[in-house]
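Please read the structure below before turning to the comments.
Number of protein chains: 2
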Amino acid sequence: MNEQFQVKTAPELWTKLDMDVERFSNVPPALTGAFTDVFLSQENRPQEMSYFDDMVSNIFSGRIQEIYDAQQEGRPVVGTFCVYVPEEIIHAADGICVGLCGGSQFSIPDAEKILPRNICPMVKSAFGFKAGRICPFYQVVDFVYGETTCDAKKKTWELLDEYVPTHVMEIPQMKRERDKRLWVEEVKDFKVVIEEKTGKEVTEAELKISIETMNAKRKAMQRLNSLRHHNPSPISGRDMLLVQQIAFYDIPERFTKKVNDLCAELETRIIKENFVAPKGTTRLMVSGTPMALPNWKVHNIIEKSGAVIVNEESCIGTRYYKDTIATDGANMDQMLEKLTERYMKIDCSCFTPNDDRIDQVIKEFRESGAQGIIDYCLQFCHTYNIEAVKLRKACEKEGIPFLAIESDYSPEDVGQLQTRIEAFIEQIED
Amino acid sequence: MNEQFQVKTAPELWTKLDMDVERFSNVPPALTGAFTDVFLSQENRPQEMSYFDDMVSNIFSGRIQEIYDAQQEGRPVVGTFCVYVPEEIIHAADGICVGLCGGSQFSIPDAEKILPRNICPMVKSAFGFKAGRICPFYQVVDFVYGETTCDAKKKTWELLDEYVPTHVMEIPQMKRERDKRLWVEEVKDFKVVIEEKTGKEVTEAELKISIETMNAKRKAMQRLNSLRHHNPSPISGRDMLLVQQIAFYDIPERFTKKVNDLCAELETRIIKENFVAPKGTTRLMVSGTPMALPNWKVHNIIEKSGAVIVNEESCIGTRYYKDTIATDGANMDQMLEKLTERYMKIDCSCFTPNDDRIDQVIKEFRESGAQGIIDYCLQFCHTYNIEAVKLRKACEKEGIPFLAIESDYSPEDVGQLQTRIEAFIEQIED
């Protein structure tokens with residue numbers, strides 16, 4: 000384990016990317032501190048986590064340099080905010096897809112100079128990073144691809160477009176045949192935009208390889224999540240969250256290999272009965288809205304309260320990898336249709352009706368051997384917040400302990416959350 | 000003018016409608032008081048307003064009885080929340096369309112027992128009316144037809160369906176050809192649902208008449224709005240708002256006649272120079288989110304602060320009537336397509352991009368001879384709230400005084416709003 004962990008700086012590179020270098024210089028030390036507190040304070044972490052720790056260490060330097068170099072070679076760099084944007088197509092065009100969801104309070108004041116205060120902190124954080132030029136990922140992308148999955152994002156992309164070219168993919172609000180037809184057309188438009196950037200068409204062979212690459216990535220994550228379901232847990236929820244967050248920043252092939260290495264270690268640990276949480280530790284599952292890097296707030300509170308998190312039903316969690324794309328598409332049209340079918344299985348609360356998600360949460364609860372569900376809702380996220388009413392009812396019916404929390408990125412509610420979460424854990428233990 | 004105005008009661012009818020009669024009995028006296036304060040305190044109101052005053056007086060009694068009687072005859076009664084739901088089709092089936100948007104604080108505690116607190120008050124109010132059985136309109140409808148224009152509504156319909164059969168129309172989020180194709184299919188589905196209720200198909204002849212009826216209604220409202228633009232104003236903003244609210248509750252043909260009668264009176268008043276606001280009164284336009292009956296809060300504050308409102312760019316305002324349906328459709332398919340084209344012109348902020356709305360607001364500002372715009376946003380309405388950023392910028396560019404306010408139905412912010420609105424009026428007068 001890296002004993003002198005440090006998030007590295009790259010002021011020259013940042014200057015080239017037209018960042019507000021002076022302000023941003025405060026970020027790496029702050030992230031070093033937070034990471035040390037949340038992650039490095041853990042005991043008996045898997046050795047293979049060192050790769051993911053290094054990714055955090057290099058997140059504003061080495062990884063940005065890699066992306067910058069790729070871009071200099073003419074490879075497209077696309078920023079996205081949502082697991083509905085089909086990264087297979089970017090990858091097929093030899094491009095780089097980076098997640099731009101904001102997970103930090105740092106950029107929120109920049110956003111609130113322009114946006115309403117009472118919208119989702121993830122959207123504000125993302126917008127503020129660009130408005131303040133305080134995120135190297137934003138500065139290195141050629142363009143961003145937004146989508147229409149919620150009111151706040153949909154309307155913020157209109158404003159973001161004034162700072163960075165922003166395309167928008169329409170994600171329908173239902174999942175019937177007519178919605179699929181519209182969706183496939185959106186996927187085709189997406190492909191055209193990528194091709195226009197590279198100046199050449201994506202071939203069937205390229206897309207086929209890319210689909211297989213991303214399927215392999217998702218399967219590795221399924222494997223990892225399945226291993227972490229072992230009771231007792233061979234890996235903490237914090238470490239799992241970190242791996243799932245890094246998935247949005249890393250080179251897919253490299254990431255897949257490292258996830259499989261971690262899986263191999265966990266398999267050995269399970270055989271050797273080398274666990275991170277002793278038998279009898281309260282096992283909780285988290286459902287709900289995504290936790291973008293470095294949003295570790297709730298995981299940190301839960302696990303420091305003595306429980307272990309054994310599943311994330313989230314976009315930064317199972318929604319990202321529970322489904323793969325069928326590889327039997329015989330031509331480009333069929334391949335894009337099968338790709339779309341896979342994306343249509345993602346059960347974001349933006350859809351109505353969305354009862355499949357309720358069933359999926361219960362299913363993941365059973366599979367993970369959790370003893371309770373903490374439903375996490377980003378503040379002002381209306382769709383997950385209202386869907387939680389149905390989820391609570393379903394959990395009550397199944398006799399599953401359920402706690403709904405709504406939170407932003409500020410530290411203000413930490414004490415209150417801690418009290419509620421501790422009480423929830425005690426209630427389960429009784 | 001009715002000097003002994005009273006909102007009438009109908010406890011026997013309410014009992015038949017399975018209402019919570021005891022609780023609801025508090026509503027008519029409260030509405031009597033509010034109406035007297037907001038409307039009857041005005042001087043020199045047009046005589047023809049007495050019809051609309053009577054509509055308020057009968058809103059929980061006579062009008063409900065009319066709807067109840069129609070329903071007993073087998074005519075479909077459909078509740079809606081949005082100007083995107085095509086009432087022409089309901090009317091063609093000899094049905095009754097009633098607006099169910101909630102405009103009252105009264106039902107919000109009922110909603111907040113189930114829904115999150117931090118969503119739109121209109122959605123909470125609407126849901127609470129049904130959950131508490133404290134609105135006769137909800138109790139008299141056969142079913143409701145929701146839509147997907149915002150996150151809060153879209154997800155609330157899933158819960159509302161547990162109380163009253165709730166169909167949902169998918170309104171797309173963009174306005175391209177592929178969106179239109181989906182939209183036309185939604186309109187056709189809507190027609191099927193209405194036909195299933197009546198047990199017979201809507202004919203081309205019936206739809207044609209209905210389109211003409213609704214076009215006539217919209218044209219009457221255009222005429223009225225055009226007359227009220229006269230400087231000085233022949234009618235107050237409060238009275239105009241009331242007429243526009245009643246539009247969602249009344250029989251179309253009767254309403255159209257009464258609006259035209261009011262227009263004739265205003266024409267005479269203009270000739271006779273009999274105005275409600277003296278020359279030099281500050282003229283303001285309101286843009287933004289709808290004000291459902293009895294939400295008179297902001298209009299009351301503005302006009303009691305000495306200004307007169309000369310236009311509402313709102314769903315309860317111009318968005319409801321600025322466009323009519325082309326009547327040259329040769330067959331059912333063409334008629335439904337032309338109907339859809341008209342509905343697609345409504346420029347709700349749920350669409351992206353939605354720059355047509357910005358242009359429309361500026362156009363209405365010019366046409367109404369307003370001197371400033373107060374952009375009204377229901378609390379937590381993300382789409383209008385974020386769109387206000389663009390609208391403010393456009394107004395600054397045009398040199399138009401602009402004030403954005405966000406408010407709910409509680410009386411708590413009245414003092415603060417009053418201060419801000421008075422300051423805005425003073426700034427214009429300087």
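Residue numbers (numbering that gives the first Met the number 0), protein chains in the order written: chain A, 0 to 429; chain B, 0 to 429. Just so it is clear, CB atoms sit at the ideal spot from N, CA and C, and this is done for glycine as well. Model, not experiment: these values are computed from the prediction.
- Around Leu-99 (chain B), no beta-carbon contact reaches into chain A at under 8 angstroms, the shortest distance being about 18 angstroms.
- Within chain A, Leu-181, Glu-184 have C-beta atoms less than 7 angstroms from the C-beta of Arg-177 (chain B), given in sequence order.
- Glu-340 (chain B) and Tyr-50 (chain A) have their C-alpha atoms roughly 56 angstroms apart.
- In the structure shown, Cys-376 (chain B) falls within a strand segment according to DSSP collapsed to helix, strand and coil.
- Under the 8 angstroms Cβ criterion, the stretch 310-326 of chain A counts as touching the stretch 220-228 of chain A, having at least three qualifying pairs.
- Residue burial is scored here from C-beta neighbours: Pro-85 (chain A) has at least 16 other C-beta atoms within 10 angstroms and is therefore classed as buried.
- Interface flag for Ala-151 (chain B) against chain A is set, since a Cβ pair is found closer than 9 angstroms.
- In this structure the stretch 384-395 of chain B does not lie against the stretch 301-308 of chain B, because fewer than three pairs of beta carbons, one per stretch, are closer than 8 angstroms.
- Counting only residues of its own chain and dropping the five nearest sequence neighbours on each side, Pro-10 (chain A) has a CB closer than 6 angstroms to the CB of Val-20.
- Proximity of Leu-416 (chain A) to chain B, defined by a Cβ-Cβ separation below 9 angstroms, is not satisfied.
- Here the alpha carbon of Ala-369 (chain B) sits roughly 6 angstroms from the alpha carbon of Met-284 (chain B).
- Following the DSSP letters along the chain, one finds Gly-414 (chain B) inside the alpha helix (DSSP H) bounded by residues 413-428.
- For Asn-384 (chain A), the closest of B:Val-360, B:Tyr-342, B:Glu-157 by C-alpha to C-alpha distance is B:Glu-157.
- Closest in C-alpha terms to Ile-308 (chain A), from the list A:Cys-81, A:Gln-333, A:Asn-299, comes A:Asn-299.
- Taking 9 angstroms as the cut-off, the beta carbon of Glu-161 (chain B) is found no closer than this to the beta carbon of Glu-146 (chain B).
- Fully contained in the stretch 262-297 of chain B are the following beta strand (DSSP E) runs of length 3 or more, in chain order: 282-287.
- Neighbourhood of Thr-255 (chain A) in chain B, by CB distance below 8 angstroms: empty, with the nearest CB roughly 34 angstroms away.
- Residue pairing from DSSP places Tyr-144 (chain A) in a beta bridge opposite A:Thr-79, A:His-166.
- Here Thr-281 (chain A) really is in contact with Ile-427 (chain A); their C-beta atoms are around 5 angstroms apart, less than 8 angstroms.
- Taking a cut-off of 8 angstroms for Cβ pairs, the stretch 221-235 of chain B and the stretch 261-276 of chain B touch, as three or more such pairs fall below it.
- Residue A:Ala-92 holds the alpha-carbon nearest to the alpha-carbon of Thr-212 (chain A) among A:Met-290, A:Ala-92, A:Glu-200, A:Gln-3.
- In this model, Gln-243 (chain B) and Met-121 (chain B) are separated by some 17 angstroms (Cα to Cα).
- For Ala-403 (chain A), there is no enclosing alpha helix (DSSP H); the residue is found in the beta strand (DSSP E) stretching over 401-406.
- Around the beta carbon of Glu-312 (chain A), 16 or more other beta carbons lie within 10 angstroms, which makes this residue buried.
- Note on the stretch 49-125 of chain A: whole beta strand (DSSP E) runs with a minimum of 3 residues are 76-79, 95-98, in chain order.
- In this chain, the beta strand (DSSP E) harbouring Asn-310 (chain B) covers 307-312.
- In terms of Cβ geometry, Leu-402 (chain B) and Ile-372 (chain B) form a close pair [threshold 9 angstroms].
- When Cβ pairs closer than 8 angstroms are counted between the two stretches, the stretch 74-85 of chain A is seen to touch the stretch 132-147 of chain A, the count reaching three or more.
- Under DSSP, Gly-371 (chain A) shares a beta bridge with A:Leu-283.
- Taking 8 angstroms as the upper bound for CB-CB distance, Ile-133 (chain B) and Phe-23 (chain B) are in contact here, some 5 angstroms apart.
- Listed along the chain, the chain B residues whose CB falls inside 9 angstroms of the CB of Val-82 (chain A) amount to none; the nearest CB is some 18 angstroms away.
- Shown here, Gln-5 (chain A) sits in coil according to DSSP, grouped into three states, outside any helix or strand.
- The stretch 126-140 of chain A and the stretch 406-425 of chain B do not touch, with fewer than 3 CB-CB distances between them shorter than 8 angstroms.
- Taking a contact to require three or more Cβ pairs closer than 8 angstroms, the stretch 172-186 of chain B and the stretch 348-359 of chain B qualify as touching.
- Within the stretch 298-365 of chain B, the complete alpha helix (DSSP H) segments of 4 residues or longer fall at 317-320, 331-343, listed in chain order.
- Within the stretch 163-205 of chain A, the runs of beta strand (DSSP E) at least 3 residues long that lie entirely inside it are, in chain order, 165-168.
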